[in-house]
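Counting in our numbering, the final residue of the sequence shown is number 512, and the numbers go up one at a time with none missing.
Cβ atoms here follow ideal geometry from the backbone N, Cα and C, with glycine treated the same way.
Okay, so here's the structure we're looking at.
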Amino acid sequence: MTIIEQAELERQQRYIGQIGQCMEAYRSETGFSRRYWIHTYGCQLNENDGEKLAGLLGEMGYLEAAGLREADLIILNTCSVREHADDRLFGNLGRLKNLRQEKPDLVIAVCGCMMKQPEHVARISRSFSFVDLVFGPQDIYRLPELLYHRLSDEKKQYLVGDEDTLVEGLPIHRARRFRALCSIMYGCNNFCTYCIVPYTRGRERSRQPGDILRELRELALSGYREVMLLGQNVNSYGQDFEETGGDIRDFSDLLEAAARENFYRIRFMTSHPKDISEKLLKVMAANPVIEPHLHLPLQSGSNRVLGQMNRQYTREQYLATVTRARQLIPNLAFSTDIIVGFPGETEEDFADTLDIMRQVRFASAFTFLYSKRTGTPAAEMPNPVDPAVMHERFDRLTALQDAHSLAYNRQSLGQTVEILVEGVSAKQDQVFSGRTGQNQLVNFTVADPALLPAEARSPDGRIDGSRLEGGLARVRVTDAKTFSLFGVLEAYRP
Ligand code: 5AD
Ligand code: SF4
Numbered sequence: 019m020t021i022i023e024q025a026e027l028e029r030q031q032r033y034i035g036q037i038g039q040c041m042e043a044y045r046s047e048t049g050f051s052r053r054y055w056i057h058t059y060g061c062q063l064n065e066n067d068g069e070k071l072a073g074l075l076g077e078m079g080y081l082e083a084a085g086l087r088e089a090d091l092i093i094l095n096t097c098s099v100r101e102h103a104d105d106r107l108f109g110n111l112g113r114l115k116n117l118r119q120e121k122p123d124l125v126i127a128v129c130g131c132m133m134k135q136p137e138h139v140a141r142i143s144r145s146f147s148f149v150d151l152v153f154g155p156q157d158i159y160r161l162p163e164l165l166y167h168r169l170s171d172e173k174k175q176y177l178v179g180d181e182d183t184l185v186e187g188l189p190i191h192r193a194r195r196f197r198a199l200c201s202i203m204y205g206c207n208n209f210c211t212y213c214i215v216p217y218t219r220g221r222e223r224s225r226q227p228g229d230i231l232r233e234l235r236e237l238a239l240s241g242y243r244e245v246m247l248l249g250q251n252v253n254s255y256g257q258d259f260e261e262t263g264g265d266i267r268d269f270s271d272l273l274e275a276a277a278r279e280n281f282y283r284i285r286f287m288t289s290h291p292k293d294i295s296e297k298l299l300k301v302m303a304a305n306p307v308i309e310p311h312l313h314l315p316l317q318s319g320s321n322r323v324l325g326q327m328n329r330q331y332t333r334e335q336y337l338a339t340v341t342r343a344r345q346l347i348p349n350l351a352f353s354t355d356i357i358v359g360f361p362g363e364t365e366e367d368f369a370d371t372l373d374i375m376r377q378v379r380f381a382s383a384f385t386f387l388y389s390k391r392t393g394t395p396a397a398e399m400p401n402p403v404d405p406a407v408m409h410e411r412f413d414r415l416t417a418l419q420d421a422h423s424l425a426y427n428r429q430s431l432g433q434t435v436e437i438l439v440e441g442v443s444a445k446q447d448q449v450f451s452g453r454t455g456q457n458q459l460v461n462f463t464v465a466d467p468a469l470l471p472a473e474a475r476s477p478d479g480r481i482d483g484s485r486l487e488g489g490l491a492r493v494r495v496t497d498a499k500t501f502s503l504f505g506v507l508e509a510y511r512p
């Protein structure tokens, strides 16, 4: 692991300064600012990386574009976890080709996990030669240098580092105003046999507790009400620390310290079932600020398949964890990830997955068709599941989960739930939304505008939803659907 030193960041800072001067000159000459557009695929860790790219660009004087066509710099921040994401990248690149022809000055960059796979870089070089910058997930901090060379020498810059880097102190432009993402560690050591992440994101490395807690303190002071602690496997946080003698040695310690900061709610993901400890569950139980929600990827309910996947737990151990967690935290909601059609999965194996779902009754689940990832051990495994069988199983799995999700949500009917207001519904006018501590999406209307502060109400009785964001709302649930609750505002606190 390479810790990126201050001297390297200062070197990058000089490039930031130089680009900043050019941007300033352009602005005084034309009256316009250069603008960027970042499109992030995949998980929240990648989203957090996108926020760092935006932070660096902000320091260089770039502004965010309102849309792709308005941008002078487009960055595609890729994900390689499933094939579908690869396809989307190449589809989008095809469309960018025309845009580049219309706008020769446009700079196009591709970064993220896919760039760690040489075959993708080779394909970009071969078939999408208009791409100017290529860099990997460990090279984000070098964006200023790469961009500087592209802008000054007009030369393409491809740089995908092999080292697992840990960088502190990058500027960040957060996408949301009240919910912040905080990556506490990077990489993964688990090598689940289907998964590409350990190859693209490298080995596990944990940020120092002091750096994380400083970030959390700043977030709380600047008005963030909710934070989500992120890692591929947060439960192994700190396992890479040499004995430091500090009092934060593992994820439970970190979570407990985070709970002392002034947040309304703390979320975290992802947890590996093999690493859930009694200590963690007790910290969750003792600190109501930590959401009563555990995202615990099951992947399969069959011990045989779990073994083939190298998941390092059995269905019995998984169920025991769920039972114990429910004893300690009675209102705990479970969500999960499940893969259908892992090589060699039989009808019996699949029945085991359905069975464990019936036992746990997950509040929600992300369900995936197995996707072969070149370079992973599973890609070499015999007996691939026939695609028609895979799809048929997938449909049964989602039907069962949908029934469970609906039943789970129906338990909230008639109750009052408390949510952090996150936004305005894109589909319905005067409908607002947020999430419960159990991570249920809640849409709500306001029957009595007098419940809201005056600045959120306009004279014609309409409500300015943007003024509600970040507020805490109590909502009486009147309808429950598979993926959301619906209700009416009962109380609101800014
Ligand atoms: N095929 C299908 N799903 C996958 N996931 C990871 N790799 C693959 C793959 N090759 C899923 C797992 C993981 C989630 C983030 O993505 O369920 O938990
Ligand atoms: Fe992939 Fe397994 Fe690591 Fe999750 S724990 S990122 S599924 S290897």
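Assignment of beta strand (DSSP E) within the segment 279-304, counting only whole runs of 3 or more residues, yields 283-287 in chain order.
Taken atom to atom, the span from the alpha-carbon of R195 to that of G73 is near 14 Å. Nearest in C-alpha terms to E244, of all of A276, Y80, C129, is A276.
DSSP links H311 through a beta bridge to A351. The C-alpha of E28 lies about 30 Å from the C-alpha of T48. Cβ neighbours of L424 within its own chain (closer than 6 Å, five residues either side excluded): T500. Straight across, the Cα-Cα distance linking R379 with Q419 is about 8 Å. Distance from the C-beta of Q36 to the nearest heavy atom of the ligand 5AD is not below 7 Å. In the three-state scheme derived from DSSP, where H, G and I count as helix and E and B as strand, S254 is classed as helix.
By a beta-carbon distance limit of 8 Å, R53 contacts A89. Their separation comes to about 5 Å.
For E436, the three-state secondary structure derived from DSSP is strand.
Under DSSP, G452 forms a beta bridge with V439, V460.
Under the three-state reduction of DSSP output, M78 falls in the coil class, being neither helix nor strand.
Annotated as proximal: E279 and R235, with beta-carbon spacing under 8 Å. C-alpha of Q24 to C-alpha of P162: approximately 15 Å in a straight line. In this structure, the ligand SF4 has no non-hydrogen atom nearer than 7 Å to the beta-carbon of V464. In the displayed model, S382 falls within a strand according to three-state DSSP. Secondary structure at M203: strand, using DSSP grouped into helix, strand and coil. M408 sits close to L387, with the two beta carbons spaced by under 8 Å. Membership of E181 in any alpha helix (DSSP H) is not indicated, and neither H nor E is assigned to it by DSSP. Per DSSP, H167 lies in no beta strand (DSSP E) segment; the continuous alpha helix (DSSP H) that holds it begins and ends at 161-171. In chain order, the residues positioned with their C-beta nearer than 7 Å to some heavy atom of the ligand SF4 are C206, N208, F209, C210, C213, V215, P216, Q250, N251, T288, H290, P315.
According to the DSSP assignment, C40 belongs to the alpha helix (DSSP H) that extends over 24-48. The beta-carbon separation of L415 and V358, rounded to 6 Å, stays under the 8 Å limit for a contact. Exposure of P306 is indicated by the presence of fewer than 16 other C-beta atoms within 10 angstroms of its C-beta. Put simply, the backbone Cα of A238 is about 18 Å away from that of L188.
One alpha carbon belongs to I214, the other to A509, and they sit about 46 Å apart.
Distances from the CB of Q317 to the heavy atoms of the ligand 5AD include at least one below 7 Å.
For M408, the enclosing alpha helix (DSSP H) stretches over residues 405-428.
Of the heavy atoms belonging to the ligand 5AD, none sits nearer than 7 Å to the Cβ of S145. In this structure, the ligand 5AD has no non-hydrogen atom nearer than 7 Å to the beta-carbon of F380. Relative to the non-hydrogen atoms of the ligand 5AD, the Cβ of F386 comes within a distance shorter than 7 Å of at least one. Not one heavy atom of the ligand 5AD lies closer than 7 Å to the C-beta of R87.
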